[in-house]
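A.B. asks: I'd like to ask you about the structure that follows.
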Amino acid sequence: TWRFGVRATFHTLIDEEKANEYWDALDEYARTVRNGTTEEKQAAFEALHEELPEGTARINSKMFADIVAALKGVHGPLILARIQSRITHFSAGRQLIAVLDEYFGHEKILQARTALAVITSLACTRMADLDWYLTTLRLMMIHILQGGEGMTDGALVQLILRHLRGMGELKA
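Position 137 of the sequence shown, counting from 1, maps to 143 under the numbering used here, and the rest follow consecutively.
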């Protein structure tokens, strides 16, 4: 995704600990947007600009300028209007990424939704596939939990039972 490329580049420009702190704040903001009150959301959005890790202000500002300059195509004018309506500082790169996350969907939330789709389409018809099935199921559940999506234990058990019903070896 676009976010992966920006994050990878960012990590080459600054100390890894500072870079992780920078991006962890964006992940925390995404959780606040999902579960917080309007006041909490606004405070978290302001904190993205005001509480930058030490030594990241210059890169944050450059990233803002580079991303705004790169906005083109069908989505460009719409995204730019959204950015202009929310951001008051021309150096607010982390806020800009948050606005893009809201527009396109935060990476972890998108992965969680994809994982939900994968889980519902899984099938295990032979005992030889059981290890693959359980490994895939575990990995998808990790993505689901990290993205804040959920599936009740009962629904998960019913889904697994439905997937395993067609396995001939279990019928014997």
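The beta-carbon is built from N, C-alpha and C at its ideal position, and this holds for glycine as well.
As the structure is a computational prediction, the values presented were derived from the model and not from experiment.
To the nearest angstrom, how far is it from the Cα of R37 to the Cα of L122?
C.D. replies: Counted from its first residue, the sequence shown places residue 37 at position 31. Counted from its first residue, the sequence shown places residue 122 at position 116. In a straight line, the C-alpha of R37 is about 18 Å away from that of L122.
A.B. asks: At what residues does the alpha helix (DSSP H) containing A36 begin and finish?
C.D. replies: Locating residue 36 in the sequence shown gives position 30, counting from the first residue. Counting along the chain, the alpha helix (DSSP H) containing A36 begins and ends at 22 to 41.
A.B. asks: Could you check if K78 belongs to the surroundings of the ligand GDP, using beta carbon to heavy atom distance under 8 Å?
C.D. replies: Here there are no bound small molecules, and the ligand GDP is not part of this structure.
A.B. asks: Where does the unbroken alpha helix (DSSP H) through H17 begin, and where does it stop?
C.D. replies: As a first step, residue 17 must be located in the sequence shown, where it is residue number 11. Start and end: 8 to 19.
A.B. asks: Would you kindly work out how many angstroms separate the C-alpha atoms of L140 and A161, rounded to a whole number?
C.D. replies: Within the sequence shown, numbered from 1, the residue matching residue 140 stands at position 134. Within the sequence shown, numbered from 1, the residue matching residue 161 stands at position 155. Spanning the two alpha carbons is a distance of roughly 16 Å.
A.B. asks: For A129, which of H169, E52, M157, Q117 has the nearest alpha-carbon?
C.D. replies: Stepping through the sequence shown from its first residue, residue 129 is reached at position 123. Minimum Cα distance to A129 is reached at H169.
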